[in-house]
Amino acid sequence: MRTLTRYIGREVLGAILLIFMALIMLFAFFDLIAELGNVGKADYTITTALLFVTLHLPSRMYELFPVAALIGTLFAIAQLVASSEYTVMRASGASLLQVTWALMRIGIPLALVTFLAGEYVAPPAERLARQVKAVASGDTAKVVAQQFTSGFWFKQDRSFVNIRSVLADMTLVGVRIYEFDRDLRLTTIRSAESGRFSSAGHWQLAVVETTEIGADRVRHSRLPTWDWQTVLRPSLLMVYQLPPEKLELGTLWDNTRLLSQSTQKTSRFEIAFWNKVFYPAAVIVMMILALPFAHFQRRQGGVGFRIFAGTMLGLVFFLVGRLFSHLGVLNDWPPLFSALFPLAVFLGLSASMLYWLERR
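Each residue of the sequence shown is one higher than the one before, counting from 6 in the numbering used here.
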């Protein structure tokens with residue numbers, strides 16, 4: 006059985022890598038075509054477009070790996086069926102459960118690689134790609150964060166902070182800090198024109214005006230700079246530079262905690278967090294789902310139909326996942342349910358089809 010497991014694993018892994026490389030090249034080509042429309046604007050050259058597409062590739066790889074796992078496994082198993090090798094395996098005593106385990110032995114390491122790529126490679130590469138594009142296009146002063154009409158709000162202890170906007174280089178614009186005492190009386194109002202995060206680990210605000218409100222008097226002062234110690238970090242503002250689905254788990258968790266302290270809605274970040282946790286498992290689910298579908302193909306030919314069927318299944322999985330993410334935000338569904346339900350549906354579909362095949 007060990008030899009059989011290695012053989013199935015080698016065939017499936019080879020097919021997955023082949024399909025994966027084909028999908029990556031195809032989507033990289035589409036991304037490059039999309040970027041050619043920006044060539045010639047400011048300093049945005051064809052070299053910059055190629056660099057942007059290259060840095061965007063890790064995000065594409067993370068998104069496409071479950072689909073590649075589905076199509077590759079479907080293709081490899083169907084080829085074994087077409088050449089009667091699969092029939093010989095089953096006739097020699099290999100159960101459907103053993104074949105499934107052979108697929109999972111390949112799928113578990115691939116799922117781990119997917120998680121590591123989505124957590125440690127794709128987010129920094131995507132941020133760097135956005136920065137390269139912003140600099141080359143002359144959009145470094147572009148506003149990337151403005152949660153409400155009045156700007157971005159958050160609460161820390163007894164202070165309420167309003168930031169009118171955040172630029173692409175993480176510069177704060179229009180900062181207002183309202184401080185209250187234990188009896189919730191307004192004591193201090195600070196306003197700054199801008200702020201930058203220093204290497205010392207705090208924000209340095211520029212042109213700061215402070216109004217201190219006492220019991221019998223109001224005092225006003227003005228400083229060229231002021232060091233602001235706060236829990237707010239540039240990493241927490243990255244969520245406005247990238248979609249939540251492209252951020253690290255730590256950043257999503259910090260944003261959820263910060264917004265919950267400010268009694269703001271956190272469902273979007275919680276759903277993105279759980280999607281990030283369970284997304285690598287989609288690689289294994291897609292590989293198991295491909296196994297019963299391979300049985301329904303003709304013994305000869307049908308390669309084009311197999312690839313088409315696998316692509317459609319992967320597309321349906323992707324769209325259902327996105328649909329439930331949006332529905333979860335709109336309807337305030339439990340974040341864990343919104344993230345896990347599509348995966349559970351496809352896993353249940355795979356298990357039921359395998360059970361039906363085993364009972365035939």
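Glycine included, C-beta positions come from ideal geometry on N, C-alpha and C.
| query | Using the rule of at least 16 other Cβ atoms within 10 Å of the residue's Cβ for burial, across every protein chain shown, is residue 38 buried or exposed? | reply | What you label residue 38 is simply residue 33 of the sequence shown in a count that begins at 1. Per the 10 Å Cβ criterion, exposed.
| query | residue 88 to residue 77, Cα distance in whole Å? | reply | Taking the sequence shown and counting its residues from 1, one reaches residue 88 at position 83. Taking the sequence shown and counting its residues from 1, one reaches residue 77 at position 72. For residue 88 and residue 77, the distance between alpha carbons rounds to 17 Å.
| query | In its own chain, which residues sit with a C-beta less than 8 Å from the C-beta of residue 306, not counting the 5 before and 5 after it? | reply | As a working note, residue 306 is residue 301 in the sequence shown. With a pLDDT of only 47 at residue 306, under 50, the local geometry of the prediction cannot be trusted, and no value is derived from it.
| field | Continuous beta strand (DSSP E) stretch holding residue 167: start and end | value | The residue given as residue 167 occupies position 162 in the sequence shown. Residue 167 -> beta strand (DSSP E) spans 164-172.
| task | Locate the beta strand (DSSP E) running through residue 198, then write down its first and last residues. | result | Here residue 198 refers to the residue found at position 193 when the sequence shown is read from its first residue. It spans 191-202 - the beta strand (DSSP E) in which residue 198 sits, taken as one unbroken run.
| said: Report the CB separation of residue 340 from residue 258 in whole angstroms; it is logged as a contact under 8 Å. | reply: Position 335 of the sequence shown, counted from the first residue, corresponds to residue 340. Position 253 of the sequence shown, counted from the first residue, corresponds to residue 258. Contact doesn't hold; Cβ gap of about 12 Å is too wide.
| task | Could you tell me which uninterrupted beta strand (DSSP E) segments, each at least 3 residues in length, are contained entirely in the segment 206-260, listed from first to last along the chain? | result | 208-218, 223-233
| said: Can you give me the C-alpha to C-alpha distance between residue 137 and residue 50, rounded to a whole angstrom? | reply: Along the sequence shown, one-based indexing puts residue 137 at 132. Along the sequence shown, one-based indexing puts residue 50 at 45. So the alpha carbons of these two residues sit roughly 11 Å apart.
| query | Can you tell me the Cα-Cα spacing of residue 282 and residue 220, whole angstroms? | reply | Reading the sequence shown from its first residue, position 277 is the one you call residue 282. Reading the sequence shown from its first residue, position 215 is the one you call residue 220. For residue 282 and residue 220, the distance between alpha carbons rounds to 52 Å.
| said: Using C-beta distances below 7 Å, list every residue in its chain close to residue 101, excluding the 5 sequence neighbours before and after it, in chain order. | reply: Within the sequence shown, the letter at position 96 stands for residue 101. Result list for residue 101: 359, 362, 363, in chain order.
| residue 160, enclosing beta strand (DSSP E) - first and last residue | Residue numbering aside, residue 160 sits at position 155 when the sequence shown is read from its first letter. Counting along the chain, the beta strand (DSSP E) containing residue 160 begins and ends at 157-161.
| request: Buried or exposed for residue 256, please, with buried defined as at least 16 other CB atoms from any protein chain shown within 10 angstroms of its CB. | output: Counted from its first residue, the sequence shown places residue 256 at position 251. Classification of residue 256: buried, given that the 10 Å Cβ count is 16 or more.
| request: List the residues that DSSP assigns as beta-bridge partners of residue 181. | output: Against the sequence shown, residue 181 aligns to sequence position 176. DSSP lists 167, 196 as partners of residue 181.
| message | Nearest by alpha-carbon distance to residue 176: which of 209, 123, 274 is it? | response | For this step, residue 176 is matched to residue 171 along the sequence shown. Of the listed residues, the one whose Cα sits closest to residue 176 is 209.
| field | Proximity of residue 192 and residue 168 at Cβ, strictly below 8 Å | value | Taking the first residue of the sequence shown as position 1, residue 192 is located at position 187. Taking the first residue of the sequence shown as position 1, residue 168 is located at position 163. The answer is no: Cβ separation not under 8 Å.
| Nearest to residue 214 by CA position, among 204, 226, 222, is which residue? | As a working note, residue 214 is residue 209 in the sequence shown. Looking at the Cα atoms, 226 is the closest of the given residues.
| said: Is there a Cβ of chain B sitting closer than 8 Å to that of residue 159, yes or no? | reply: Any reference to chain B falls outside this structure, which holds one protein chain only.
| If we count the other Cβ atoms within 10 Å of its Cβ and call it buried at 16 or more, is residue 61 buried or exposed? | The count along the sequence shown starts at 1 and reaches residue 61 at position 56. Under this definition residue 61 is a buried residue.
| query | With contact counted as at least three CB pairs below 8 Å, one residue from each stretch, are the segment 25-36 and the segment 111-129 in contact? | reply | no
| query | Residue range of the alpha helix (DSSP H) that residue 280 falls in? | reply | Stepping through the sequence shown from its first residue, residue 280 is reached at position 275. From DSSP, the alpha helix (DSSP H) with residue 280 extends over 272-283.
| query | Less than 8 Å separating the beta-carbons of residue 346 and residue 290? | reply | As a working mapping, residue 346 is identified with position 341 in the sequence shown. As a working mapping, residue 290 is identified with position 285 in the sequence shown. Against a cut-off of 8 Å, the Cβ pair of residue 290 and residue 346 comes out as no contact.
| said: My output table needs one value for residue 353: the three-state DSSP class, helix, strand or coil. | reply: Here residue 353 corresponds to residue number 348 of the sequence shown, with the count starting at 1. Residue 353: helix per DSSP, three-state reduction.
| Excluding the five sequence neighbours on either side, which residues of its own chain have a C-beta within less than 6 Å of the C-beta of residue 151, listed in chain order? | As a first step, residue 151 must be located in the sequence shown, where it is residue number 146. Note on residue 151: pLDDT 47, under 50, position unreliable in the model; no value is reported.
| field | Nonlocal neighbours in the same chain, by C-beta distance under 6 Å from residue 200, ignoring five residues either side | value | As a working note, residue 200 is residue 195 in the sequence shown. Taken in chain order, the residues that qualify are 177, 180, 208, 210.
| For residue 119, the three-state DSSP class (helix, strand or coil) | Mapped onto the sequence shown, residue 119 falls at position 114. In the structure shown, residue 119 sits in a helix (DSSP, three-state: H, G or I).
| task | Could you check the C-alpha separation between residue 270 and residue 183 for me, to the nearest Å? | result | Position 265 of the sequence shown, counting from 1, holds the residue named residue 270. Position 178 of the sequence shown, counting from 1, holds the residue named residue 183. The straight-line gap from Cα to Cα measures roughly 21 Å.
| field | Nearest candidate by alpha-carbon position, reference residue 322, set 114, 70, 92 | value | Residue mapping note: residue 322 aligns to position 317 of the sequence shown, counting from 1. Comparing Cα positions, the closest option is 70.
| said: Along the chain, where does the alpha helix (DSSP H) containing residue 58 start, and where does it finish? | reply: As a working note, residue 58 is residue 53 in the sequence shown. Residues 51-87.
| query | Going straight from the alpha carbon of residue 21 to that of residue 75, what length do you get? | reply | Counted from its first residue, the sequence shown places residue 21 at position 16. Counted from its first residue, the sequence shown places residue 75 at position 70. The alpha-carbon atoms of residue 21 and residue 75 are separated by roughly 8 Å.
| query | Of all the options 333, 128, 249, which has the alpha carbon lying nearest to the alpha carbon of residue 66? | reply | Start at 1 with the first residue of the sequence shown, and residue 66 comes out as number 61. That would be 128, whose Cα lies nearest to the Cα of residue 66.
| said: Relative to the C-alpha of residue 204, which candidate in 337, 142, 238, 57 has its C-alpha closest? | reply: On the sequence shown, position 199 is the one that residue 204 refers to. When only C-alpha atoms are compared, the closest one is 238.
| message | Measuring straight from C-alpha to C-alpha, what distance separates residue 273 and residue 47? | response | Along the sequence shown, one-based indexing puts residue 273 at 268. Along the sequence shown, one-based indexing puts residue 47 at 42. Roughly 35 Å between the two C-alpha positions.
| query | Is residue 94 buried or exposed, if buried means 16 or more other CB atoms sit within 10 Å of its CB? | reply | Along the sequence shown, read from residue 1 onward, the residue named residue 94 stands at position 89. Looking at its Cβ environment, which holds 16 or more other Cβ atoms inside 10 Å, residue 94 is buried.
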